[in-house]
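K.L.:
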Amino acid sequence: MSIQEQYRSRAKELLREGTVKMVIGYGAGTTPLRRRPIFITSPDDADRLVLDAACRTNLAGYLLREGLLADQKSVAVFLTPDGVRTINILAAESQLATEQVIVLGFQIDGENARQLEGTRVADFSGIIAERKKKRKEQPSHEVARKLEQMTSVERFSFWEGEFSRCIKCYACRAACPMCWCRRCVVDNNQPQWVNTSSHTLGNLEWNLVRAFHLAGRCVECGNCSEACPVNIPLHLLNRRMTEEVLTAFDYYPGADEHQEPVLASFRKDDPETFIL
Amino acid sequence: MTKILYANDLTACFSLWRKEGMRVLGPVSKAKTSGFGEVQDAHELDLNLVLTARTLKELFFPRTEPMFSYSIGKQKIETGEFLPSENACIIFGARPCDAAGMAIDDELFNWDYRDEYWFRRRDRSVIITIACKESDDFCMCTSLGLAPDSAKGSDVLLRPLASGNGWRVEELTPKGGKALQPIASLLKEGSEAAAPTAEVPLLFDLEACTTWLADPENFESHFWKEISERCIGCGTCTYLCPTCHCFDIQDEGDTYEGIRRKNWDSCSFQLFTMHTSGHNPRATQSARWRQRIMHKFNYFSDKFSVNSCTGCGRCTRECPVDMGVRETLQAISTLQK
Numbered sequence: 130m131s132i133q134e135q136y137r138s139r140a141k142e143l144l145r146e147g148t149v150k151m152v153i154g155y156g157a158g159t160t161p162l163r164r165r166p167i168f169i170t171s172p173d174d175a176d177r178l179v180l181d182a183a184c185r186t187n188l189a190g191y192l193l194r195e196g197l198l199a200d201q202k203s204v205a206v207f208l209t210p211d212g213v214r215t216i217n218i219l220a221a222e223s224q225l226a227t228e229q230v231i232v233l234g235f236q237i238d239g240e241n242a243r244q245l246e247g248t249r250v251a252d253f254s255g256i257i258a259e260r261k262k263k264r265k266e267q268p269s270h271e272v273a274r275k276l277e278q279m280t281s282v283e284r285f286s287f288w289e290g291e292f293s294r295c296i297k298c299y300a301c302r303a304a305c306p307m308c309w310c311r312r313c314v315v316d317n318n319q320p321q322w323v324n325t326s327s328h329t330l331g332n333l334e335w336n337l338v339r340a341f342h343l344a345g346r347c348v349e350c351g352n353c354s355e356a357c358p359v360n361i362p363l364h365l366l367n368r369r370m371t372e373e374v375l376t377a378f379d380y381y382p383g384a385d386e387h388q389e390p391v392l393a394s395f396r397k398d399d400p401e402t403f404i405l
Numbered sequence: 142m143t144k145i146l147y148a149n150d151l152t153a154c155f156s157l158w159r160k161e162g163m164r165v166l167g168p169v170s171k172a173k174t175s176g177f178g179e180v181q182d183a184h185e186l187d188l189n190l191v192l193t194a195r196t197l198k199e200l201f202f203p204r205t206e207p208m209f210s211y212s213i214g215k216q217k218i219e220t221g222e223f224l225p226s227e228n229a230c231i232i233f234g235a236r237p238c239d240a241a242g243m244a245i246d247d248e249l250f251n252w253d254y255r256d257e258y259w260f261r262r263r264d265r266s267v268i269i270t271i272a273c274k275e276s277d278d279f280c281m282c283t284s285l286g287l288a289p290d291s292a293k294g295s296d297v298l299l300r301p302l303a304s305g306n307g308w309r310v311e312e313l314t315p316k317g318g319k320a321l322q323p324i325a326s327l328l329k330e331g332s333e334a335a336a337p338t339a340e341v342p343l344l345f346d347l348e349a350c351t352t353w354l355a356d357p358e359n360f361e362s363h364f365w366k367e368i369s370e371r372c373i374g375c376g377t378c379t380y381l382c383p384t385c386h387c388f389d390i391q392d393e394g395d396t397y398e399g400i401r402r403k404n405w406d407s408c409s410f411q412l413f414t415m416h417t418s419g420h421n422p423r424a425t426q427s428a429r430w431r432q433r434i435m436h437k438f439n440y441f442s443d444k445f446s447v448n449s450c451t452g453c454g455r456c457t458r459e460c461p462v463d464m465g466v467r468e469t470l471q472a473i474s475t476l477q478k
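Chains as they are written, first to last, in my numbering: chain A, 130 to 405; chain B, 142 to 478.
#1: Give the straight-line distance between the Cα atoms of Met415(B) and Asn318(A), rounded to the nearest whole angstrom.
#2: Lys173(B) versus chain A: which residues are under 9 Å apart at the beta carbon?
#3: What number of angstroms, rounded off, separates the C-alpha of Thr160(A) from the C-alpha of Leu343(B)?
#4: From the DSSP output, which residues share a beta bridge with Phe233(B)?
#5: Let's see if you can read the secondary structure: which residues bound the beta strand (DSSP E) around Ser170(B)?
#6: Where Thr215(A) and Lys293(B) are concerned, what is the direct C-alpha to C-alpha distance, given to the nearest angstrom?
#7: If I follow the unbroken alpha helix (DSSP H) through Leu354(B), where does it start and stop?
#8: Quick one: complete beta strand (DSSP E) runs, 3+ long, within the stretch 135-220 of chain A?
#9: Any C-beta of chain A within less than 9 Å: which residues of the stretch 464-476 of chain B qualify?
#10: Give me whichever residues DSSP pairs with Asn144(B) in a beta bridge.
#11: Taking all protein chains shown into account, do 16 or more other C-beta atoms lie within 10 angstroms of the C-beta of Pro357(B), making it buried, or fewer, making it exposed?
#12: With DSSP as the reference, label Pro383(B) as helix, strand or coil.
#13: Roughly how many angstroms lie between the CA atoms of Leu406(A) and Phe341(A), to the nearest whole one?
#14: What does the alpha-carbon distance come out to for the pair Arg458(B) and Asp174(A)?
#15: Which class does Pro301(B) belong to by DSSP, given the choice of helix, strand or coil?
#16: Can you tell me whether Ile213(B) is helix, strand or coil according to DSSP?
#17: Would Arg402(B) pass as an interface residue toward chain A - the criterion being a Cβ-Cβ separation below 8 Å?
#18: Cys460(B) and Thr338(B) - do their beta-carbons sit closer together than 8 Å?
#19: Considering only heavy atoms of the ligand SAH, does any lie closer than 7 Å to the CB of Val282(A)?
#20: For Leu328(B) and Glu161(B), what's the separation of their Cα atoms in angstroms?
#21: From the DSSP output, in three-state form, read off Pro390(A) for me.
#22: Starting from Arg458(B) and walking both ways along the alpha helix (DSSP H), at which residues does that stretch end?
#23: Determine the direct distance from the alpha carbon of Gly212(A) to that of Glu373(A), and round the result to whole angstroms.
#24: What residues in the stretch 322-341 of chain A have a beta carbon less than 8 Å from any beta carbon of chain B?
#25: May I have the straight-line CA-CA distance separating Leu412(B) from Leu330(A), to the nearest angstrom?
#26: Counting only the same chain and skipping the five closest in sequence on each side, list residues whose C-beta sits under 8 Å from that of Leu109(B).
#27: For a contact defined as C-beta to C-beta under 7 Å, what are the partners of Phe168(A) on chain E?
#28: Cβ of Ala384(A) less than 8 Å from any chain B Cβ?
#29: Any residues in the stretch 353-377 of chain B with a beta carbon nearer than 8 Å to a beta carbon of chain A? Which ones, in chain order?
#30: Scan the stretch 151-167 of chain A for residues whose Cβ lies nearer than 8 Å to a Cβ of chain B and list them as they occur along the chain.
#31: What do you reckon, are the CB atoms on Leu188(A) and Leu208(A) nearer than 8 Å?
#32: Can you give the Cα-Cα distance for Glu277(A) and Thr371(A), rounded to whole angstroms?
#33: According to the Cβ coordinates, are Leu302(B) and Ala272(B) closer than 8 Å?
#34: Compute the Euclidean distance between the alpha carbons of Tyr380(B) and Lys297(A), then round it to the nearest angstrom.
#35: Which residue or residues does DSSP assign as beta-bridge partners of Ile390(B)?
#36: Where in the stretch 244-330 of chain A do unbroken runs of the beta strand (DSSP E), each at least 3 residues long, occur, reported from the N-terminal end onward?
Below is the structure:
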């Protein structure tokens, strides 16, 4: 049985038993190479689920849809290890309870989707620990290395150029499972903290504020860069922050659901006295 | 016999236009995106694109533009106006769907008042459109009553020659005729055949869709929630749409000095209809998606007798979650049967 068939029957079973009220997965898209998020609530519809190498979107953010988890019922969702990390962070940030999440874990290896054993996010801690180790050894992105070699003036003008294309559609924010603020800082206009205009200053402000906000929280799923209609390499900013946090604090976001947010927690015995 | 413009003469054309004081713009692929930009030489154009990622509307309705500035001093108050003052331009190589979009928005921007920001630029530009000999999986102009060689909104229509060496030239408006005068010496009489236009399949029955949308019974239909469940509420579809025209007025500055700007805005955003009281008449994403569809195929057509969609397909092509006008209208078409 193909992995797709296995997961379809698992989804069917979960819905039929009433273990979950919904399965969030991937379905066929407009073209043969496209996949789109779908929401299955009836076992009869489970055959619409697709699982293959084209399933790249991190679906975790859909769990935060207003009211979805309010009835304490469970939802199953197709997740890669980075998707599982997302759930851990959302739990640590009190946005959901992991008891309500059934994981349909998978991983894309080249052209194939591979099954990952486990049902609850905690079942994936071994895989995530492995990923952390690998991430530490992973060399920086080629463009990132070039950026490191630039002077700060050159680097600033690189980003100014990239951000000049930004049309302020906020697809990066909408696609990011970590952007769960009910009211984003850019939508606050009393006072207007961030310029909403899509000019040089407004674009820099927006993209940098978002990058800072994701430091120590981004799981590098790539939703933002994929969503950006003008192809700004947003992931480069977030990857850089990930490396910073990994080196400085040995912190890999989403290791488990009890992991404290690195930039929103402190210890009383912290050697930095300014904290208390 | 008809007038032929050979591709080899294009750069010479551009020089002649520039001599007349006109800028030349066209489709360019630059820095990982494509849109319309100023060019000097024909080689800078990317005429092989089915469609640029960004639309023609940016030339007339930029994503942000200053309207006026103010400064309040001890002695006097000063204000400054920013009406567009760019030189006239030739837009070479627009696509019929984009050009049609500009004609549709002309109605809107000349409805309750004449939008000088739009029309100063529109009046000073000539759109030379190239008919499409290729389409992609997202093109749907034929479903919207247009075609890969529609003349709507264009001043000149070029039909690609079968040989690939140039275009047959069709003058459509007096403005187009005037723009062709300076390059008349480069237009050759010929009878070379044009390449067949792209075959864009019919995807839905537009009339059935607009009838369904016009029925008040369907306004609260479950359909809206189901069709838009995966919508993430970004502005991609609206900002890359040739006809979406909503804007927001923003003041930047303080009590003493500042600038008022006109910025793109999108009905996809939660904030779009948020009242000061906190009440939001379009509280859910499905209500917002319904608004986008209703605006295009019901409200706009009620007012201006034309739908505000040209079938360019960008909404689906660029949607992060593979939604778009196409899927929605296809689904409504099916509901009818």
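Where is the CB? At the ideal position from N, CA and C, for every residue including glycine.
P.N.:
To lay it out plainly:
#1: One C-alpha to the other measures close to 12 Å.
#2: Correct list: Glu291, Arg294, Val359, Asn360, Ile361, Pro362.
#3: Here the alpha carbons of Leu343(B) and Thr160(A) stand approximately 16 Å from one another.
#4: Answer is Ile269(B), bridged to Phe233(B).
#5: Ser170(B) -> beta strand (DSSP E) spans 164-171.
#6: When rounded, the separation of the alpha-carbon atoms in Thr215(A) and Lys293(B) is 49 Å.
#7: Annotation for Leu354(B): the continuous alpha helix (DSSP H) segment containing it runs 347-355.
#8: Within the stretch 135-220 of chain A, the runs of beta strand (DSSP E) at least 3 residues long that lie entirely inside it are, in chain order, 151-157, 164-169, 204-208.
#9: Result list: Met464, Gly465, Arg467, Glu468.
#10: The amino acid at residue 144(B) is misidentified as Asn; the sequence shows Lys. The partner list for Lys144(B) (beta bridge, DSSP) reads Glu330(B).
#11: Burial call: exposed.
#12: Coil at Pro383(B), not helix or strand.
#13: Because chain A in this structure spans residues 130 to 405, residue 406(A) falls outside the shown range and cannot be described.
#14: Each residue's Cα considered, the two are about 26 Å apart.
#15: Under the three-state reduction of DSSP, Pro301(B) is assigned to strand.
#16: Correct three-state label for Ile213(B): strand.
#17: Yes, contact with chain A.
#18: Cβ atoms of Thr338(B) and Cys460(B): not closer than 8 Å.
#19: The ligand SAH is not part of the structure shown, which contains no ligands of any sort.
#20: Rounded to the nearest angstrom, the two C-alpha atoms are 17 Å apart.
#21: DSSP places Pro390(A) in the coil class of the three-state scheme, outside both helix and strand.
#22: Run containing Arg458(B): 455-459, per the alpha helix (DSSP H) assignment.
#23: Going by the C-alpha atoms only, they are around 21 Å apart.
#24: Per Cβ criterion, the list reads Asn324, Thr325, Ser326, Ser327, His328, Gly331.
#25: Straight-line Cα distance between these residues: approximately 22 Å.
#26: Outside the displayed span of chain B (142 to 478) sits residue 109(B), for which this structure offers no information.
#27: Absent from the structure: chain E. Protein chains present are A and B.
#28: Against chain B, the CB of Ala384(A) has no partner CB under 8 Å away; the residue lies outside that interface.
#29: So the list reads Glu370, Arg371, Ile373, Gly374, Cys375, Gly376, Thr377, given in the order they occur along the chain.
#30: Residues Gly158, Thr159, Thr160, Arg163, Arg164, Arg165, Pro166, Ile167.
#31: Taking 8 Å as the Cβ cut-off, Leu188(A) and Leu208(A) qualify as a contacting pair.
#32: Going by the C-alpha atoms only, they are around 15 Å apart.
#33: For the 8 Å CB-CB criterion, Leu302(B) and Ala272(B) do not form a contact.
#34: Distance between the alpha carbons of Tyr380(B) and Lys297(A): 9 Å.
#35: Note: Ile390(B) sits in a beta bridge opposite Lys403(B).
#36: You should have found no qualifying run.
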